[in-house]
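A.B. asks: Attaching a single structure in structure tokens format; questions to follow.
Numbering (the numbering used here), first residue to last: 358 to 1019.
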């Protein structure tokens, strides 16, 4: 045992038994040695991090004195200087033998804490939310071992120079969050996450927290952390606060004050697959083509009948978008007949009704459920995690959930063809383009149209307007002498949409009379047929992307997207359109595999590469021959704002709406 007197007289003159403190050291030593061996075997640093090493070569950082505050013990990860770091494991457990002077001092500190408590604050530096000890290493070791949740500390904050990187942006958001809340142990790594958390709590970004709110949040969050760490989450590269954000997508914050521990753990385990996705650096994947055909074994194990449900926010009479999906439902019924039963549910126009209708679909026996708009995504998630044996899909892009794959069409391919036709028809080289709203994939469609026009008319200019902004855009184009206009896409292959005007691309004369050229069309029936066919064939679920959030983004090669041409289109342009269609379907033609320069003169492609599907979905720039800008959230009409919150290309910069309360 430690070479020291067995008893120590305290201030009152009584004797304090050191046996317990000695036993604590022996136990802490074993833990430290175990951690050392584990980290060494994994090729990791077994000692506390050294801040001076991390800061070596940096310049421009500043230091702010925060005074004395109680810091979370778990945030203390290292020391300011190298010094005696080798006396501790990475978790500040001791590594030196029981007969050393170090051990003796550790035991005396432990004894003092057990009898009176350690009151003297340590001195540490904070960098990027982590704490590094300058004075008080052994006090930290003792208190960490004894499970103290917080340690009084004199804190000096090292503020890094803003450099625009996501990590530094997130840190400055933490600084603002801490200034308002006083909560230290929420350390997000991605910009925008603090704003999301505040929206779930019903707080404004700089709104000061009352002491009661701080206590409530810290208590609830600790309760959540305990449940989180019961799920073997050490296998995941995900922080408990990141898991909390996901959990709050499904449950209100106040449920943490009502749910028993067993139910909380169950609610977290239901989100396990989605947490796995969050923990991966490349958590999502874009699938650009239908799955392979079934083999013999798949047919043997395949279901003989499927119950299919469609859930819509509106009905087919009041929305052309829903009408298009409902025609897809009709195609599905005509294709599979007795092999499927289909039921549609309408008017899921708020979260409560949406969840009720989704629950009803499951109660009615649905094996697969399609929800037809992005606004239904979170409601779909809430129900999907409760019924893992039912397959749910949401019509949107850029999904964040493995539980609910998204599906959409590569409409930019059809836009490329109509752009080429528009360029050939624009006698004055100017073409009007009315875009919908700046969501994922829309800038790619604008650029594909512009590149198509440039292919047939090198002088072509695309004047861009947005239907989500005020203005009589078509009349404005007419007054500016623009006679070729691209407007909203035809929702189905019904030729009446071309004849009605305001759909597709068309020419106008001086009086405003128009003549159709052609339009991209959505053929949702082909998408639904592919999905249901693979399920009936037994190949669904054999994807190459397990534990991923999957976006099904299919194009002309799958039959989901096509171009409908006007009967009056000149024969030569029909031949051109057919050639372009064939090239896109076969993969021989890539609209973006060419030299591309944006509006600012940046070379976006030197002509030697193709963009990945993820890059195409996330395009937020416009080609050099486009005149106009991508609007920000505050510049669009109110009706368009919900979709921008879900799928806007700049959604991470949009302040979230309040959803709950502390």
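Virtual Cβ for every residue (Gly too), placed ideally from N, Cα, C.
Just so we're clear, the structure is a prediction, and the values are computed from it rather than from any experiment.
For residue 340, tell me which candidate among 532, 879, 828, 922 has the shortest Cα-Cα distance.
C.D. replies: What is shown of the chain runs 358 to 1019, which leaves residue 340 out entirely.
A.B. asks: Our contact map puts residue 889 next to residue 689 with C-beta atoms below 8 Å; I'd like the distance itself, whole angstroms only.
C.D. replies: Contact holds; Cβ gap of about 6 Å.
A.B. asks: Determine the DSSP secondary structure at residue 566, reduced to helix, strand or coil.
C.D. replies: Of the three classes helix, strand and coil, the one that applies to residue 566 here is coil, per DSSP.
A.B. asks: Quick one: what does DSSP say residue 939 is sitting in, helix, strand or coil?
C.D. replies: In the structure shown, residue 939 sits in a helix (DSSP, three-state: H, G or I).
A.B. asks: Is there contact between the segment 592-610 and the segment 541-560, where contact requires at least three CB pairs shorter than 8 Å?
C.D. replies: Verdict: yes, contact present.
A.B. asks: Between residue 798 and residue 776, how many whole angstroms is the CB-CB distance? I'm expecting something under 8 Å.
C.D. replies: Contact flag wrong, Cβ pair sits at about 15 Å.
A.B. asks: Please tell me whether residue 508 and residue 482 are closer than 8 Å, where the distance is taken between their beta carbons.
C.D. replies: Not in contact: residue 508 and residue 482 (Cβ atoms no closer than 8 Å).
A.B. asks: So for residue 934, helix, strand or coil by DSSP?
C.D. replies: In this structure, residue 934 counts as helix in the three-state DSSP scheme.
A.B. asks: From what residue to what residue does the alpha helix (DSSP H) around residue 303 run?
C.D. replies: Residue 303 lies beyond the stretch modelled for the chain, which goes from 358 to 1019, so this question has no answer here.
A.B. asks: First and last residue of the alpha helix (DSSP H) that includes residue 1002?
C.D. replies: From DSSP, the alpha helix (DSSP H) with residue 1002 extends over 998-1004.
A.B. asks: Short of 8 Å in beta carbon distance, which residues of its chain neighbour residue 429, apart from the five on each side in sequence? Order them along the chain.
C.D. replies: Excluding sequence neighbours, residue 429 sits near 506, 507, 541, 542.
A.B. asks: Give me the Cβ distance between residue 647 and residue 911, rounded to the nearest whole Å; I'm assuming they're in contact under 8 Å.
C.D. replies: Sure, about 7 Å apart at Cβ, within 8 Å.
A.B. asks: I need the boundaries of the alpha helix (DSSP H) containing residue 496, first residue and last residue.
C.D. replies: From DSSP, the alpha helix (DSSP H) with residue 496 extends over 494-502.
A.B. asks: Let me check understanding here. Comparing Cα to Cα, which of 455, 558, 666 lies closest to residue 575?
C.D. replies: Per the Cα distances, 558.
A.B. asks: Which of the three DSSP states is assigned to residue 672 in this structure?
C.D. replies: Reduced to three states, the DSSP call for residue 672 is coil.
A.B. asks: Could you tell me the alpha carbon to alpha carbon distance between residue 556 and residue 834, rounded to whole angstroms?
C.D. replies: So the alpha carbons of these two residues sit roughly 41 Å apart.
A.B. asks: So residue 843 packs on residue 789, CB below 8 Å; how close in whole Å?
C.D. replies: 7 Å between Cβ atoms; contact.
A.B. asks: Can you give, in chain order, each stretch of the beta strand (DSSP E) that sits fully within the segment 393-439 and has at least 3 residues?
C.D. replies: Runs found: 419-429, 433-436.
A.B. asks: Helix, strand or coil for residue 596, going by three-state DSSP, please let me know.
C.D. replies: Of the three classes helix, strand and coil, the one that applies to residue 596 here is coil, per DSSP.
A.B. asks: Using C-beta distances below 6 Å, list every residue in its chain close to residue 653, excluding the 5 sequence neighbours before and after it, in chain order.
C.D. replies: Confidence is the limiting factor: at residue 653 the pLDDT is only 38, short of 50, which leaves the residue's position unreliable, though a coordinate-based value still follows. Result list for residue 653: empty, nothing under 6 Å.
A.B. asks: Expressed to the nearest angstrom, what Euclidean distance is found between the alpha-carbon atoms of residue 684 and residue 759?
C.D. replies: If you take the alpha carbons of residue 684 and residue 759, they lie about 27 Å apart.
A.B. asks: Would you mind sorting residue 905 into buried or exposed? The rule is 16 or more other CB atoms within 10 Å of its CB.
C.D. replies: Buried.
A.B. asks: Which whole runs of the alpha helix (DSSP H) in the segment 740-797 are 4 residues long or more, in chain order?
C.D. replies: List check, alpha helix (DSSP H) in window: 768-782.
A.B. asks: I think residue 886 touches residue 692, with their Cβ atoms under 8 Å apart; what is that distance to the nearest whole Å?
C.D. replies: The Cβ separation is near 5 Å, so the contact holds.
A.B. asks: In chain order, what residues of the same chain lie with their CB nearer than 8 Å to the CB of residue 962, ignoring the 5 residues before and after it?
C.D. replies: Excluding positions up to five away in sequence, the list reads 949, 950, 951, 952, 953, 968.
A.B. asks: Going by other Cβ atoms of all chains shown within 10 Å of its Cβ, with 16 needed for buried, is residue 615 buried or exposed?
C.D. replies: Residue 615 is exposed by the Cβ-count criterion.
A.B. asks: What residue does the beta strand (DSSP E) around residue 335 start on, and which one ends it?
C.D. replies: Not covered by the structure: residue 335. The range shown for the chain is 358 to 1019.
A.B. asks: Measure how close the beta-carbons of residue 450 and residue 411 come, nearest whole angstrom, since I'm counting them as under 8 Å.
C.D. replies: Going by Cβ atoms, the distance from residue 450 to residue 411 rounds to 21 Å, so no, they are not a contact pair.
A.B. asks: Report the rounded CA-to-CA distance for residue 621 versus residue 973, giving the unit in angstroms.
C.D. replies: Cα-Cα distance, rounded: 39 Å.
A.B. asks: Is the segment 703-712 touching the segment 734-741, taking contact as three or more C-beta pairs under 8 Å?
C.D. replies: Short answer: they touch.
A.B. asks: Around the C-beta of residue 682, are 16 or more other C-beta atoms found within 10 angstroms, so that it is buried, or is it exposed?
C.D. replies: Residue 682 comes out buried.
A.B. asks: Which residues does DSSP pair with residue 514 in a beta bridge?
C.D. replies: Looking at the DSSP assignment, residue 514 forms a beta bridge with 421, 483.
A.B. asks: Would you mind working out which of 416, 460, 476 sits nearest residue 425, comparing C-alpha positions?
C.D. replies: Ranking 416, 460, 476 by Cα distance to residue 425 puts 476 first.
A.B. asks: Scan the segment 949-981 and note each continuous beta strand (DSSP E) run of 3 residues or more that stays entirely inside, going in chain order.
C.D. replies: Those beta strand (DSSP E) runs which fall completely within the segment 949-981 and span 3+ residues are 952-954, 960-963.
A.B. asks: Please look up how many angstroms separate the CB atoms of residue 635 and residue 603, rounded, as I've assumed it's under 8 Å.
C.D. replies: So it is a contact: roughly 6 Å between Cβ atoms.
A.B. asks: Considering only DSSP beta bridges, list what residue 822 is partnered with.
C.D. replies: Paired residue(s): 791.
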